[in-house]
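> Using the numbering used here, read the sequence shown as starting at 15 and increasing by one per residue.
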Amino acid sequence: DYYAAFGIGLSGIMSLEEMWSYLKISVTIFLVAIIVICVLFFVIYTFISRILIYPLNQITIASKKLAGSDAEETIPQDQDDLLEYSTIRIALNRLVVQKVNLEQDNIGKTREKEHALLQYYQLQTRSHFFLNCLKSLYNMAEKGEMEKIKMMILAFSNHLRYVFHDNLLLVTLKSELDEAQDYYHIIQMDRANPLLLNLEVDQDLMDCKVPPLVVQTFLENSYKYNPGNKQFLRFHVQIDRIEMEKKPYIRLRLSDNGIGYGKDMLKKLSEPDEQFEEYHVGISNLRRRMALIYQNDYQIAFFNAPGGGACSLIYLPMQKE
Numbered sequence: 015d016y017y018a019a020f021g022i023g024l025s026g027i028m029s030l031e032e033m034w035s036y037l038k039i040s041v042t043i044f045l046v047a048i049i050v051i052c053v054l055f056f057v058i059y060t061f062i063s064r065i066l067i068y069p070l071n072q073i074t075i076a077s078k079k080l081a082g083s084d085a086e087e088t089i090p091q092d093q094d095d096l097l098e099y100s101t102i103r104i105a106l107n108r109l110v111v112q113k114v115n116l117e118q119d120n121i122g123k124t125r126e127k128e129h130a131l132l133q134y135y136q137l138q139t140r141s142h143f144f145l146n147c148l149k150s151l152y153n154m155a156e157k158g159e160m161e162k163i164k165m166m167i168l169a170f171s172n173h174l175r176y177v178f179h180d181n182l183l184l185v186t187l188k189s190e191l192d193e194a195q196d197y198y199h200i201i202q203m204d205r206a207n208p209l210l211l212n213l214e215v216d217q218d219l220m221d222c223k224v225p226p227l228v229v230q231t232f233l234e235n236s237y238k239y240n241p242g243n244k245q246f247l248r249f250h251v252q253i254d255r256i257e258m259e260k261k262p263y264i265r266l267r268l269s270d271n272g273i274g275y276g277k278d279m280l281k282k283l284s285e286p287d288e289q290f291e292e293y294h295v296g297i298s299n300l301r302r303r304m305a306l307i308y309q310n311d312y313q314i315a316f317f318n319a320p321g322g323g324a325c326s327l328i329y330l331p332m333q334k335e
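(1) Does residue 225 pass the burial test, meaning 16 or more other C-beta atoms within 10 Å, or should it be called exposed?
(2) CA-CA distance, residue 214 and residue 267?
(3) Would you check if the distance between the CB atom of residue 223 and the CB atom of residue 185 is smaller than 8 Å?
(4) Going along the chain, which residues of its own chain have a beta-carbon closer than 7 Å to the beta-carbon of residue 182, five neighbours each way excluded?
(5) Put residue 316 into one of helix, strand or coil per three-state DSSP.
(6) Evaluate residue 37 with the Cβ neighbour count: other Cβ atoms within 10 Å of its Cβ, from every protein chain shown; 16 or more gives buried, anything less gives exposed.
(7) Since I believe residue 264 is in contact with residue 253 (beta carbons under 8 Å), could you give me their beta-carbon distance rounded to a whole number of angstroms?
(8) In the structure shown, what three-state DSSP assignment does residue 181 receive?
(9) Spatial neighbours of residue 323 within its chain, please: CB distance less than 7 Å, with the 5 preceding and 5 following residues excluded, ordered by chain position.
(10) Just to confirm, is the Cβ distance from residue 207 to residue 248 under 8 Å?
(11) Given a cut-off of 8 Å, decide if residue 166 and residue 203 are closer than it, judged by their beta-carbon atoms.
(12) Rounded to whole angstroms, how far is the Cβ of residue 192 from the Cβ of residue 173, which I believe are closer than 8 Å?
(13) Please report the Cβ distance between residue 231 and residue 300, rounded to the nearest whole angstrom; I am assuming they are in contact, meaning their Cβ atoms lie under 8 Å.
(14) Can you tell me which of 209, 238, 188, 229 puts its alpha carbon nearest to the alpha carbon of residue 218?
(15) How long is the line joining the alpha carbons of residue 280 and residue 237, rounded to whole angstroms?
(16) Quick check on DSSP: helix, strand or coil for residue 246?
(17) In three-state terms, what does DSSP make of residue 189?
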């Protein structure tokens, strides 16, 4: 400082070491205070996040799932939950369980209804065939064809036993091919012009599971919609194994050399199978059953061969007995 009235000025000199000795305690206290404040802030944030934010986020996620279609998991319980959050969590978990149970009940009732409808249509479509078989047996009895009657009754009884089987329970491929041959013997005895059945099947697939009537349905269609337009009607069954997306499938190629599918029928068969049609009810029934059994894990296509005749291509996931 300088005092002009007296012409005197004062100044002082102090070393840095001496200055630090005075300030060291204050700076240290300041730094420690900052560290303590940061630690307290972190602890408080963690506590608030654990007690308030995390449970709230869990409840928000559960609420969104409950509002959507994927409500399957409940909110996990935490011992540190506040009483209010614990009450909300319990209520939401109950709602999740109730929703899942209701959806399962609804799916089960829909499946039962669809199952009953499929059984009804299957029996309805068989009634005409049963009457024809009885008429054929009567005609054979009038002609005294006892051996033919025995063969017809044996094949017909096997066919009856098979068609009354639960149509949503899978059967072995061997059982399905046996049914196709029983049906073939029945219609062969009642058909004026010969029908040739050609089987080309990988024998390693005989124990694989398939829907009942997956082959017989198309054999019946060939017989039904080609009554006598050709002298020799041939129905060809080709079954092998293929890999699609690294997953094994059974491929069924079912074809004949008849008149083929009409344009309108091909268009209907290419559309989603919403209702049973007046014609090709068996195919409609089969598609419904495959949709119930495999959901979306199957493929089916219909087309006419270049040389004529109806062709159907089916891909089913491989399931061993």
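Cβ atoms here follow ideal geometry from the backbone N, Cα and C, with glycine treated the same way.
Considering the structure as presented:
(1) Looking up residue 225 in the sequence shown gives position 211. A buried status is given to residue 225, since no fewer than 16 other beta-carbon atoms sit within 10 Å of its beta-carbon.
(2) The count along the sequence shown starts at 1 and reaches residue 214 at position 200. The count along the sequence shown starts at 1 and reaches residue 267 at position 253. Going by the C-alpha atoms only, they are around 10 Å apart.
(3) Translated into positions along the sequence shown, residue 223 becomes position 209. Translated into positions along the sequence shown, residue 185 becomes position 171. Yes. Within cutoff.
(4) For the purposes of this step, residue 182 is taken as the residue at position 168 of the sequence shown. Around residue 182: 129, 303, 306, 307.
(5) Your numbering for residue 316 matches position 302 in the sequence shown. In the structure shown, residue 316 sits in a strand (DSSP, three-state: E or B).
(6) Counting from one through the sequence shown, the residue named residue 37 turns up at place 23. Classification of residue 37: exposed, given that the 10 Å Cβ count is below 16.
(7) To locate residue 253, count along the sequence shown from 1; it is residue 239. To locate residue 264, count along the sequence shown from 1; it is residue 250. Between residue 264 and residue 253 the Cβ distance is about 7 Å, and since that is below 8 Å, they are a contact.
(8) Here residue 181 corresponds to residue number 167 of the sequence shown, with the count starting at 1. It is coil, neither helix nor strand.
(9) On the sequence shown, residue 323 is found 309 positions in, with the first residue counted as 1. 269, 270, 271, 272, 274.
(10) Reading the sequence shown from its first residue, position 193 is the one you call residue 207. Reading the sequence shown from its first residue, position 234 is the one you call residue 248. In this structure, residue 248 does not lie closer than 8 Å to residue 207 by Cβ.
(11) Start at 1 with the first residue of the sequence shown, and residue 203 comes out as number 189. Start at 1 with the first residue of the sequence shown, and residue 166 comes out as number 152. Residue 166 is positioned such that its CB atom lies closer than 8 Å to that of residue 203.
(12) Your numbering for residue 192 matches position 178 in the sequence shown. Your numbering for residue 173 matches position 159 in the sequence shown. About 10 Å; that fails the 8 Å criterion.
(13) Here the question's residue 231 lines up with position 217 in the sequence shown. Here the question's residue 300 lines up with position 286 in the sequence shown. Yes, residue 231 and residue 300 are in contact; Cβ-Cβ is about 5 Å, under 8 Å.
(14) Within the sequence shown, numbered from 1, the residue matching residue 218 stands at position 204. Nearest of 209, 238, 188, 229 to residue 218, Cα basis: 188.
(15) Along the sequence shown, read from residue 1 onward, the residue named residue 280 stands at position 266. Along the sequence shown, read from residue 1 onward, the residue named residue 237 stands at position 223. C-alpha separation (whole angstroms): 18 Å.
(16) Indexing the sequence shown from 1 puts residue 246 at position 232. DSSP, reduced to helix, strand and coil, places residue 246 outside both helices and strands of the structure shown, so it counts as coil.
(17) Taking the sequence shown and counting its residues from 1, the one referred to as residue 189 is at position 175. Reduced to three states, the DSSP call for residue 189 is helix.
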